[in-house]
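Please read the structure below before turning to the comments.
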Amino acid sequence: MKSERAVMLVDCQSFYASVEKAAHPELCNKPIAVGDPARKSGIVLAACPIAKSYGVSTAMRNFEALAVCPDLTIVRPRMKTYIDVSTLITEIYETFTDLVEPWSIDEQFVDVTGSTSLFGSPVEIARQMQTKVMLSTGVWIRAGISSNKVIAKMATDYFAKKSESGLFELPVDQVESILWPLPVSQMYMVGSRMTAHFVKMGLNTIGDIARLELGEFKRRMRIRMGRQSDIKAEYYWQTARGIDPSPVVARAFAKPQSITRGRTVQSTKYQTMEDIEPLMIELVIEVCRTSRRQNSMGRVVTVSAGTMKRGFSRQMTLPSPTCLEHHVVSAARELFKKHWNGDPLTHLAVDLSQLTDDSTHQLDLFEDIERNLRLARAQDSIKDRFGGAAIIRASSLLETAQARERAIMIGGHYA
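Quick note: the sequence shown uses this note's numbering, first residue 1, plus one each step.
Here it is, written out as structure tokens:
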């Protein structure tokens, strides 16, 4: 008889802050947050439980965090260290099963269906993982346990994280009694915009969706969101009922559908096109370099901007797929100039989508595409070997450019 699947979503509590506390025992019983202490308007990346008890939260500005918690210590992030610790934690999980699927730097899906005969029940395995990870890294982990990934994720987020033991097992036959009463905003993959749609449809809880017949739910979704909503409707209906056949795939990384790079900036510095253009060019360079690294090209360029009053997101389809900077910069500049209302900029992002393989490309009568690709890849190899700032454009020497500073960072933070 085939046994029921045993799947966990394992989460690291206040991951960055926990790593810093393990590295600095003198901060063990003090409130700390991870961010850039040199920037008062910088963002809190993580806060320890003590800091959270004072009201400090992720994405809060440093000055706001210090206002609610004057004794707060803000520690500069070390991204390479966090990546190394995350890799070590993955290796610990892999001593129990080879089915470990990273979900983010601090969350991983783990399938222990075939491990129970060796290590005990799923709850016992989770306890052993907690002990090993704590002894090896100083990080406390929490685990939601069920028969599939969707239920395990919700079990972690809404129950395990609030449990003193850090563990919560949610059998599929208890989904109706435990998950259905929750607000629809707490359903997996439902954000604020989708929540607003559901509430206007009179669907306030997860159970309100789950109790509907699929055909009726699709009908309501079509009325609200159009005929193209059928796939979404089926996904949300299955999620509400705790249905998820997707497997846990070892070290799985899906092929990206698009490549995006963005920055949050100080509005006082980015008020004219001359201020903004150096940053836009740098974002395009990062997008195109990543595209070439992935052996892909894209045909749709999207520019998204946030301002003090109102932002926009607009896209343009290019004549043919590309991974060359001057093609993408031209489209990005045209989109931005057309739709920007002149307000000070707070955020800028460039996206390249409709990706295709770069093994073939459209020839151009007026440009030597092959030559430009060889030149771009030669520059990439120099940057890969000597760092991102080994070759920069003259515009990156201007005040509002960021390439030189970010060349020594990982994921936008100091290593």
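For every residue, glycine included, the Cβ atom is placed at its ideal position computed from N, Cα and C.
{"query": "Going by the beta-carbon positions, is the gap between Met189 and Ile206 smaller than 8 Å?", "result": "no"}
{"query": "Quick check on Val300: does DSSP put it in helix, strand or coil?", "result": "strand"}
{"query": "Output the residue ranges of the alpha helix (DSSP H) runs that lie fully inside the region 254-329 and measure 4 residues or longer, sorted by chain position.", "result": "273-293"}
{"query": "Below 8 Å on the Cβ atoms is my contact criterion, and I expect Ile151 with Leu170 to pass it. Report the Cβ-Cβ distance as a whole number of Å.", "result": "6 Å"}
{"query": "Closest by CA to Pro37, which one among Arg78, Glu26, Glu176?", "result": "Arg78"}
{"query": "Alpha carbon to alpha carbon, how far is Lys132 from Gly35?", "result": "28 Å"}
{"query": "What does the alpha-carbon distance come out to for the pair Lys2 and Leu182?", "result": "Here Lys2 scores only 49 on pLDDT, less than 50, and its place in the model is too uncertain to base an answer on."}
{"query": "For the structure I just gave you, are there three or more beta carbon pairs, one from the region 59-75 and one from the region 84-96, closer than 8 Å?", "result": "no"}
{"query": "Below 8 Å on the Cβ atoms is my guess for Ile92 versus Met134; work out the distance and round it to an integer in Å.", "result": "That pair is no contact at about 10 Å."}
{"query": "Which word fits Met273, buried or exposed, when buried means at least 16 other C-beta atoms lie within 10 angstroms of its C-beta?", "result": "exposed"}
{"query": "Find out if the Cβ-Cβ distance for the pair Ser115, Thr97 is shorter than 8 Å.", "result": "yes"}
{"query": "Quick check on Ala6: does DSSP put it in helix, strand or coil?", "result": "coil"}
{"query": "Using a threshold of 8 Å, state whether the C-beta atoms of Val7 and Lys218 are closer than that.", "result": "no"}
{"query": "Among the candidates Gly306, Ala46, Pro278, whose CA atom is the shortest distance from the CA of Asn341?", "result": "Gly306"}
{"query": "Determine the direct distance from the alpha carbon of Ser165 to that of Val139, and round the result to whole angstroms.", "result": "14 Å"}
{"query": "For Val248, name the three-state secondary structure that DSSP assigns.", "result": "coil"}
{"query": "Relative to the alpha-carbon of Gly387, which residue among Ala407, Arg374, Lys269, Arg193 has its alpha-carbon at the smallest distance?", "result": "Ala407"}
{"query": "Using CA coordinates, which residue listed in Val75, Lys52, Lys40 is at the minimum distance from Ala23?", "result": "Val75"}
{"query": "Would you check if there are 3 or more beta carbon pairs closer than 8 Å linking the region 50-67 to the region 27-34?", "result": "yes"}
{"query": "On the DSSP letters alone, give me the boundaries of the alpha helix (DSSP H) that Gln238 sits inside.", "result": "230-240"}
{"query": "Give a yes or no on contact between the region 263-281 and the region 344-359, applying the rule of three or more CB pairs nearer than 8 Å.", "result": "yes"}
{"query": "Check Met1 in the structure and name its three-state DSSP category.", "result": "Caution applies to Met1, whose pLDDT of 36 falls short of 50 and renders its modelled position unreliable; the value that the coordinates give is listed next. Coil, per DSSP."}
{"query": "Could you have a look at Pro183 and say whether DSSP puts it in helix, strand or coil?", "result": "strand"}
{"query": "Beta-carbon within less than 6 Å of Ala389's beta-carbon, same chain only, minus the 5 sequence neighbours each way: which residues are those?", "result": "Arg404, Ala407"}
{"query": "I need the straight-line Cα distance from Ile369 to Asn295, nearest angstrom please.", "result": "15 Å"}
{"query": "Who are the near neighbours of Met221 in its chain, counting only those whose CB is closer than 6 Å to its CB and skipping five residues on each side?", "result": "Ser229, Ala233"}
{"query": "Measure the Cβ-Cβ separation of Thr260 and Asp351 and say whether it is below 8 Å.", "result": "yes"}
{"query": "Closest to Ile145 by C-alpha separation, out of Ser163, Phe168, Ile243, would be which residue?", "result": "Phe168"}
{"query": "Give me the Cα-Cα distance between Lys21 and Asp173, rounded to the nearest whole angstrom.", "result": "40 Å"}
{"query": "Out of Ser246, Glu286, Arg314, point me to the one whose CA is closest to Cys323's CA.", "result": "Glu286"}
{"query": "Buried or exposed, going by whether 16 or more other CB atoms sit within 10 Å of the CB of Asn62?", "result": "buried"}
{"query": "Determine the DSSP secondary structure at Ala22, reduced to helix, strand or coil.", "result": "helix"}
{"query": "Whole angstroms are fine: how far does the CA of Leu214 sit from the CA of Ser246?", "result": "20 Å"}
{"query": "With distances taken between CB atoms, is the gap from Ala250 to Val284 smaller than 8 Å?", "result": "no"}
{"query": "Using CA coordinates, which residue listed in Glu107, Asp364, Lys309 is at the minimum distance from Leu9?", "result": "Glu107"}
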